[in-house]
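Below is one structure, written out as structure tokens, with a few remarks after it.
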Amino acid sequence: MTEIIVVTSGKGGVGKTTTSASLATGLAKRGMRVAVIDFDIGLRNLDLVMGCERRVVYDFVNVIQGDCTLKQALIKDKRHDMLHVLAASQTRDKDALTKDGVQRVLDELAADGFSHVVCDSPAGIEKGAHLAMYFADRAVVVVNPEVSSVRDSDRILGLLASKTRRAENGTEVKTQLLLTRYNAKRVAAGEMMSVEDVQEILGIDVLGVIPESGDVLAASNAGVPVILQPDSDAALAYDDAVARLTGENVPLRFTEPPKRGLLQRLFGAD
Amino acid sequence: MGIFDFLKSRNRGTASVAKERLRIIVQQERSARDAPDYLPTLKRELLEVIRKYVNVDPEAVNVQLEREDGHEVLELSVALPGR
Numbered sequence: 000m001t002e003i004i005v006v007t008s009g010k011g012g013v014g015k016t017t018t019s020a021s022l023a024t025g026l027a028k029r030g031m032r033v034a035v036i037d038f039d040i041g042l043r044n045l046d047l048v049m050g051c052e053r054r055v056v057y058d059f060v061n062v063i064q065g066d067c068t069l070k071q072a073l074i075k076d077k078r079h080d081m082l083h084v085l086a087a088s089q090t091r092d093k094d095a096l097t098k099d100g101v102q103r104v105l106d107e108l109a110a111d112g113f114s115h116v117v118c119d120s121p122a123g124i125e126k127g128a129h130l131a132m133y134f135a136d137r138a139v140v141v142v143n144p145e146v147s148s149v150r151d152s153d154r155i156l157g158l159l160a161s162k163t164r165r166a167e168n169g170t171e172v173k174t175q176l177l178l179t180r181y182n183a184k185r186v187a188a189g190e191m192m193s194v195e196d197v198q199e200i201l202g203i204d205v206l207g208v209i210p211e212s213g214d215v216l217a218a219s220n221a222g223v224p225v226i227l228q229p230d231s232d233a234a235l236a237y238d239d240a241v242a243r244l245t246g247e248n249v250p251l252r253f254t255e256p257p258k259r260g261l262l263q264r265l266f267g268a269d
Numbered sequence: 000m001g002i003f004d005f006l007k008s009r010n011r012g013t014a015s016v017a018k019e020r021l022r023i024i025v026q027q028e029r030s031a032r033d034a035p036d037y038l039p040t041l042k043r044e045l046l047e048v049i050r051k052y053v054n055v056d057p058e059a060v061n062v063q064l065e066r067e068d069g070h071e072v073l074e075l076s077v078a079l080p081g082r
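In structure tokens, the structure reads:
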């Protein structure tokens with residue numbers, strides 16, 4: 000069985016592509032055969048985050064329109080043999096993506112023995128976002144602990160519960176939250192909503208909490224998924240999320256501010 | 000907390016404000032989203048009937064559908080004008 004996972008959010012800039020790249024890489028590291036697909040037609044970016052932008056010859060739309068085979072368009076990751084990237088097209092024609100076309104590609108990946116397909120959704124609630132989630136078996140809703148992101152996530156939860164193949168068939172898309180840019184220190188100071196707050200408002204389980212970290216920018220600068228950064232809390236947090244995706248029971252980390260020494264505490268130094 | 004932290008404590012507590020605002024708006028948007036399509040028409044027609052007898056303001060009619068474990072409750076409240 001192939002599991003189709005959509006990484007979505009509604010709001011832009013919350014970390015969907017960073018998350019797609021890291022979850023896909025993490026699954027491949029664990030021996031799964033993974034394809035990660037960029038659904039952001041016209042604004043291709045997953046290739047940059049994965050570091051394979053110079054190897055894009057054919058894209059998702061080329062496959063759908065029959066300009067090439069799926070095999071020709073899949074880019075094998077340099078670091079993991081089991082991981083393949085399907086880039087978004089840079090066409091301005093948003094209608095290039097069709098439901099039938101997407102289904103054909105997903106069916107072919109399943110027939111080819113891929114265990115996981117990660118669909119990196121575009122922002123918004125338009126066609127691209129709809130098609131990215133339509134065939135999903137499970138969803139990772141990326142959310143920042145911030146008002147507009149949480150509200151938009153709730154819109155997406157509504158769509159996942161009504162506008163997907165599973166919803167139409169009377170089953171559910173297994174949906175979990177992934178909090179990114181989490182600043183435990185600000186949460187402790189009452190300046191940022193906590194995991195529990197966001198979970199309570201939206202009423203769904205948490206797949207992971209990724210601490211705010213400079214490593215995320217460093218990783219995207221270098222074209223290496225952040226999960227591969229050594230000595231990085233963000234990498235460890237993503238690795239935990241991947242473990243939970245595969246059914247392991249791992250406690251949340253990095254949700255408490257780091258302990259400080261007596262002098263630091265006395266003077267409130269950072 | 001450091002002993003000088005009171006100097007920079009002006010931003011305290013905004014997280015709870017965010018949570019409370021979100022709780023309300025999310026609940027409101029969810030009930031609008033889950034409401035059946037006929038609800039706006041139902042509300043308009045009810046208002047027309049009521050207006051045959053009492054001259055109420057359109058804002059005075061409040062129709063809400065609530066889910067309580069297993070069954071739905073359609074709640075209708077009309078604020079009548081004072082005499």
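Chains A and B are the protein sequences, given in the same order.
No gaps in the numbering here: position 63 of the first sequence is 62 in numbering that gives the first Met the number 0, and each next residue is one more.
No gaps in the numbering here: position 81 of the second sequence is 80 in numbering that gives the first Met the number 0, and each next residue is one more.
A virtual CB, placed ideally from N, CA and C, is assigned to each residue, including glycine.
Taking 8 Å as the upper bound for CB-CB distance, A/A236 and A/V194 are not in contact here, some 12 Å apart.
A/A72 and A/A160 have their C-alpha atoms roughly 32 Å apart. Secondary-structure assignment with DSSP links B/E65 through a beta bridge to B/V72.
For A/H129, the enclosing alpha helix (DSSP H) covers residues 126-133. DSSP places A/Y237 in no beta strand (DSSP E) but in the uninterrupted alpha helix (DSSP H) bounded by 232-244. In terms of Cβ geometry, A/V35 and A/D119 form a close pair [threshold 8 Å]. For A/D151, no chain B residue has a Cβ inside 8 Å of its Cβ, as the nearest lies near 11 Å away. Contact of A/I200 with chain B is assigned, a C-beta pair being separated by under 8 Å.
Closer than 8 Å to the CB of A/G100 there is not a single CB belonging to chain B.
Across the set A/R91, A/L108, A/T68, the C-alpha of A/L108 shows the shortest separation from the C-alpha of A/L82. Taking 8 Å as the threshold, the shortest C-beta distance from B/R43 to chain A does not fall below it.
Taken through DSSP and simplified to helix, strand or coil, A/D204 comes out as coil. Counting only runs that start and end inside the stretch 164-189 of chain A, the beta strand (DSSP E) elements of at least 3 residues fall at 173-181. Taking the CA atoms as reference points, B/P80 sits about 14 Å from B/N61.
For B/R50, the uninterrupted alpha helix (DSSP H) run begins and ends at 38-52, by DSSP. Contact annotation: A/L216 and A/L176 have beta-carbon atoms that are not nearer than 8 Å. For the options A/P144, A/F113, A/K173, A/S147, the alpha carbon positioned closest to that of A/Y133 is the one of A/K173. Taking all protein chains shown into account, B/S76 has fewer than 16 neighbouring C-beta atoms within 10 Å of its C-beta and is therefore exposed. Beta-bridge partners of B/V60 (DSSP): B/V77. Within chain B, no C-beta atom comes less than 9 Å from the C-beta of A/G260; the nearest is roughly 12 Å away.
In the displayed model, A/L82 falls within a strand according to three-state DSSP. Assignment of A/R29 by DSSP, reduced to helix, strand and coil, places it in the coil class.
Contacts with chain A at 8 Å (Cβ-Cβ) do not include B/V48.
Under the 8 Å criterion on CB atoms, B/L21 is classed as interfacial with respect to chain A.
Contact note: B/R66 does not reach chain A at a C-beta cutoff of 9 Å; the least C-beta distance is about 13 Å. Interface with chain A (8 Å Cβ-Cβ cutoff): B/E74 is excluded. The beta carbon of B/A34 does not come within 8 Å of any beta carbon belonging to chain A, so the residue lies off that interface. Of the candidates A/V186, A/V142, A/G157, A/R150, A/V186 places its Cα closest to the Cα of A/P256. Contact annotation for B/V25 against chain A: V149, R150, D153, I200, L201 [CB-CB distance below 8 Å, chain order]. Not a single CB atom of chain B sits nearer than 8 Å to the CB of A/D76.
Annotation: Cβ neighbours of B/A17 in chain A (cutoff 7 Å, chain order): V146, M192. Contact annotation, A/T24 with A/V48: C-beta distance approximately 10 Å; criterion of less than 8 Å not satisfied. For A/A138, the enclosing beta strand (DSSP E) has its first and last residue at 137-142.
With fewer than 16 other Cβ atoms from the protein chains shown falling within 10 Å of its own Cβ, B/Q26 counts as exposed. Secondary structure of A/D99 (DSSP, three-state): helix.
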